[in-house]
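This report concerns only the one structure given below.
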Amino acid sequence: MPLTSKRDEIRTPISSDFDIVKARQAGRELAATLGFPPTDLALIATAISELARNIVRYADRGEIILSLVEKGEKRGIAVVARDDGPGIPNIELALQDGFSTSGSLGLGLPGCRRLMDEFDIKSRNGVGTIITVKKWLR
Amino acid sequence: MVVPILKQGQYLIASVQAALTDTDLLKLRDALTEQVGTYRSRGVIMDVTALDVMDSFACRTLSDLAVMIKLRGAETVIVGIQPEVAFSMVQLGLKLEGVATALDLEEGLAYLDQKTKRVARAINEQKR
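What follows is the structure, given as structure tokens:
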């Protein structure tokens, strides 16, 4: 029996830079159905772009899972970025502006945290990383 | 998605029509850097009006583009960054420092006219 909470999930497998574009467009579309204003749509799409790129860059493959969420009166969108990659050795460091192990700007994770309302990261060496971010409708 | 590059007098205009992948962005950067030499262009206008997302990779690639074009002896101006895109960029921590920007194509052309005229004048003065 399918779990009801899984019914509205939109899963985008991520393994190439084209998938990054697909995932952020899917996120923008889903968020638009809730009635997010254009500014928030841009924030959500940008956050998904950063999370999906991290998957391609550090883990080769993974997925972006989008869903609509509720908390009390609040309604919003949740984005889960999941991969079975090498994991993040030092999360605290990875969340600092300007820190990068790949020569990038190092703004992806800390920036993503600023773009969204909720940010949660779980990572285990050699097992993978799961990042969950949420944006609530105001 | 290939971005068409138009030659307009002594400038090149790249007008982004739809979402770009990282690979598309890198190809565009390289094509512009190449064509600045082919057409002996003095300036490049990158029109991003249609872009709905400017993330850290796009920003980095555009900064690199501006530096590369500068090294080739021409000027770059980014035009058409939408208000919500600008807001996202600031939240993300992206500043596009050292890259010229203008509101739209018209302002971008005016910027390049002013910028390249000044360079031409300096060269003429040196000759004298």
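Protein sequences, first through last, are from chains A and B.
So the first sequence is residues 1 to 138, counted in the numbering used here.
So the second sequence is residues 1001 to 1128, counted in the numbering used here.
From the three backbone atoms N, C-alpha and C, an ideal C-beta is built for every residue, glycine too.
Beta-bridge pairing of residue i - partner residues as DSSP gives them
{"i": "Ala81(A)", "result": "Ile64(A), Ile131(A)"}
{"i": "Lys1007(B)", "result": "Leu1012(B)"}
{"i": "Phe1057(B)", "result": "Answer is none; Phe1057(B) lacks a bridge partner."}
{"i": "Ile1078(B)", "result": "Met1046(B), Thr1101(B)"}
Check whether residue i and residue j have beta carbons under 8 Å apart
{"i": "Met1068(B)", "j": "Arg1029(B)", "result": "yes"}
{"i": "Thr129(A)", "j": "Glu63(A)", "result": "no"}
{"i": "Ile91(A)", "j": "Ile55(A)", "result": "no"}
{"i": "Leu34(A)", "j": "Ile77(A)", "result": "yes"}
{"i": "Arg1060(B)", "j": "Leu105(A)", "result": "yes"}
{"i": "Leu41(A)", "j": "Ala26(A)", "result": "no"}
{"i": "Ser1041(B)", "j": "Ala1014(B)", "result": "no"}
{"i": "Asp97(A)", "j": "Asp1022(B)", "result": "no"}
{"i": "Gln1044(B)", "j": "Val1036(B)", "result": "Inspection of the sequence shows that residue 1044(B) is occupied by Val rather than by Gln. Yes, they are a contact pair."}
Residue i classed as buried or exposed, judged by whether at least 16 other C-beta atoms fall within 10 angstroms
{"i": "Gln1091(B)", "result": "buried"}
{"i": "Pro101(A)", "result": "Before going on, a small fix: residue 101(A) reads as Thr here, not Pro. Exposed, because fewer than 16 other Cβ atoms sit within 10 Å of the Cβ of Thr101(A)."}
{"i": "Val127(A)", "result": "exposed"}
{"i": "Ile1078(B)", "result": "buried"}
{"i": "Glu1018(B)", "result": "For clarity, residue 1018(B) is Ala in the given sequence; the question names Glu instead. When all chains shown are included, Ala1018(B) counts as exposed."}
{"i": "Thr4(A)", "result": "With a pLDDT of only 43 at Thr4(A), under the threshold of 50, the placement of this residue in the model should not be trusted; the figure read from the coordinates follows. Classification of Thr4(A): exposed, given that the 10 Å Cβ count is below 16."}
{"i": "Arg139(A)", "result": "Since the first and last residues shown for chain A are 1 and 138, residue 139(A) lies out of range."}
{"i": "Lys134(A)", "result": "buried"}
Closer than 7 Å: residue i CB and nearest the ligand MG heavy atom
{"i": "Ala1122(B)", "result": "Questions concerning the ligand MG fall outside what the structure shown contains, since it holds no ligand whatsoever."}
Closest residue to residue i among the options (Cα-Cα distance)
{"i": "Asp1104(B)", "options": "Glu1097(B), Ile1081(B), Thr1033(B)", "result": "Ile1081(B)"}
{"i": "Arg138(A)", "options": "Leu51(A), Arg53(A), Glu73(A), Ala59(A)", "result": "Glu73(A)"}
Chain-ordered neighbours of residue i on chain D, where CB pairs are closer than 9 Å
{"i": "Glu1084(B)", "result": "Here the protein chains are A and B, and chain D is not one of them."}
The segment 79-86 of chain A contacting the segment 100-110 of chain A, beta-carbon criterion three pairs below 8 Å
no
Sufficient close CB pairs (3 or more, under 8 Å) joining the segment 41-52 of chain A to the segment 1050-1069 of chain B
yes
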